[in-house]
């Protein structure tokens, strides 16, 4: 099969892979006070800035090397068109010239704290291959093989650019573009801005027109950089919200015992019907909440049932753009503005679905004032032991998916498709996208989950949302995770095992074993910073 490989020259001969000793490096601790001093701008750099708390967390996780490919994001675009390759590549060069974030790398050694360095110029690496002679099935196999290999290729964080491109020709008018980048450069809304801009510049160059010349200032892009001082009142807010939280809520449906070996990508997508989506939007309007609140509420119910707890904690992302940027820049700025913070959902006995969702919405609104609080500080203000995560699941909601937002532009956008692949630092992430049909996507660490368990979680999540829409005045405890036929099957199996022993005649450890069978992943014991699930404690007790 004929192939053509083309790469742009790099300013240095270093590999894109991490050097062997990089995972052993540690970041310098932040200074005690909020005042930060910029280091001298090194040779070859345009400017240098302290990192935001979110960027610093991503940098630390990457250097720690806990899992290969963490924060490597791959945007896979299917382009059913005949591309002008020189113009297409030049368009991305022009976009990189405009945006400092795309010309950035990081420095963490011999500085008081990590810095983001903006280079004056970068050369974007490209791989171009022609797969037209391969059968369609072979083309797909080659693409998946490339994506898996590419995801394991870490970036040199001290070399710009922290992104690379691959373009595969599938037909006379058909290409697959893979744009790989490190998440510490920009967030999801920035990706939308960059794609729109790159294709607009490409369209102008293809038609022989000179696109407008702009160069964004780092000041706007890095408006929040270095601001790791928590807002006034943040400590009291988070301490009150997290009072009594000592361990993360157990993962729902996760494997019991040790993690399995290996890596990879495990995801499951569920698209709700337009009818159910409409009912949920009407419910949100009637209760004066948002679709994001409905999704977080359903997730809280699911976590609570699996953990057999009425008090759960999970993470949620906030865009934070309007809190750090002028209104005129909030939609077009490129950088990392998102922040991840805890959400605590307590289901009071007898609370109705409507009352529970209203309380959850009130908590979310109250947290706006403190949405720039670094997660590391919020965790430190809880009773969770050092080294223990505050939560292991994350909820992310966007009103439209990347594909829907781009296709809304009409014209050539309607034929293009886009898929984002990523390996996040959390073992279980729920992504929700609005639109005519609400889409739910579960991204999981395959070392912790089996596909069957993930698919079951998706089905149960939809069932909870259906219960919300059908009877918002019912008690939360009445919301069923099981379909009627599943519940009937379960009860029949219990009946076959015989009636439960009477309390006065049963031994205590029999009740513990029964609970371990019902909720194996639920927390059974917390001692000295160590947490054991029912299944783990049951194994130790044998």
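Residue numbers (the numbering used here): 3 to 544. Quick reminder that beta carbons are idealized off the backbone N, C-alpha and C, glycines included.
Beta carbon of residue i nearer than 9 Å to that of residue j
i: residue 267; j: residue 457; result: no
i: residue 315; j: residue 354; result: no
i: residue 440; j: residue 434; result: yes
i: residue 363; j: residue 295; result: yes
i: residue 599; j: residue 392; result: Examination of residue 599 is not possible in this model, given that the chain is present from 3 through 544 alone.
i: residue 273; j: residue 126; result: no
i: residue 193; j: residue 71; result: no
i: residue 472; j: residue 281; result: yes
i: residue 359; j: residue 470; result: yes
i: residue 1; j: residue 190; result: Nothing in the structure corresponds to residue 1, since the chain is present only between 3 and 544.
i: residue 81; j: residue 196; result: no
i: residue 475; j: residue 356; result: yes
i: residue 424; j: residue 185; result: yes
i: residue 159; j: residue 289; result: no
i: residue 479; j: residue 83; result: no
Spatial neighbours of residue i in its chain, beta-carbon cut-off 6 Å, leaving aside the 5 residues before and after
i: residue 200; result: 93, 94 and 97
i: residue 401; result: 436
i: residue 213; result: 203 and 206
i: residue 398; result: 319 and 433
Same chain, Cβ closer than 7 Å to residue i, neighbours up to 5 away in sequence not counted
i: residue 249; result: 386, 390, 525, 528 and 533
i: residue 370; result: none
i: residue 383; result: 237, 240, 241 and 244
i: residue 177; result: 81, 85, 169, 170 and 171
For residue i, three-class secondary structure by DSSP
i: residue 540; result: helix
i: residue 94; result: helix
i: residue 178; result: strand
i: residue 368; result: helix
i: residue 1; result: One cannot answer for residue 1 here, as it falls past the ends of the chain, which runs 3 to 544.
i: residue 535; result: strand
i: residue 399; result: strand
i: residue 313; result: strand
i: residue 460; result: helix
i: residue 146; result: helix
i: residue 204; result: helix
i: residue 425; result: coil
i: residue 470; result: helix
i: residue 476; result: coil
i: residue 517; result: helix
i: residue 291; result: coil
i: residue 170; result: strand
i: residue 525; result: strand
i: residue 612; result: With the chain represented from 3 up to 544, any question about residue 612 goes unanswered, as that position is not in the structure.
i: residue 158; result: coil
i: residue 251; result: coil
Span separating the alpha-carbon of residue i from that of residue j
i: residue 170; j: residue 79; result: 10 Å
i: residue 541; j: residue 310; result: 20 Å
i: residue 202; j: residue 420; result: 17 Å
i: residue 365; j: residue 87; result: 50 Å
i: residue 335; j: residue 234; result: 26 Å
i: residue 145; j: residue 276; result: 33 Å
i: residue 482; j: residue 304; result: 10 Å
i: residue 123; j: residue 91; result: 15 Å
i: residue 101; j: residue 161; result: 16 Å
i: residue 173; j: residue 133; result: 8 Å
i: residue 412; j: residue 346; result: 41 Å
i: residue 418; j: residue 344; result: 36 Å
i: residue 238; j: residue 244; result: 10 Å
i: residue 157; j: residue 485; result: 46 Å
i: residue 543; j: residue 453; result: 30 Å
i: residue 324; j: residue 298; result: 22 Å
i: residue 539; j: residue 149; result: 39 Å
i: residue 76; j: residue 166; result: 10 Å
i: residue 308; j: residue 428; result: 18 Å
i: residue 351; j: residue 327; result: 42 Å
i: residue 142; j: residue 128; result: 20 Å
i: residue 466; j: residue 405; result: 27 Å
i: residue 468; j: residue 48; result: 53 Å
i: residue 460; j: residue 163; result: 37 Å
Contacts around residue i, its chain only, beta-carbon distance under 8 Å, and the 5 residues preceding and following it disregarded
i: residue 535; result: 252, 258, 522, 523, 524, 525 and 526
i: residue 430; result: 253, 254, 256, 394, 395, 396, 444, 445, 446, 447, 450 and 451
Residue-level contact to chain C via CB, residue i, 9 Å cutoff
i: residue 191; result: Included in the structure is just one protein chain, with no chain C present.
Cβ-heavy atom distance, residue i to the ligand PLP, below 8 Å
i: residue 126; result: In terms of ligand content, the structure shown is empty, and the ligand PLP therefore cannot be addressed.
Which residues DSSP lists as bridging residue i, in chain order
i: residue 298; result: Paired residues: none, contrary to the question.
i: residue 419; result: 80
i: residue 270; result: 444
i: residue 434; result: 399 and 442
i: residue 119; result: 50 and 107
i: residue 286; result: For residue 286, which the question treats as bridged, DSSP gives no partner whatsoever.
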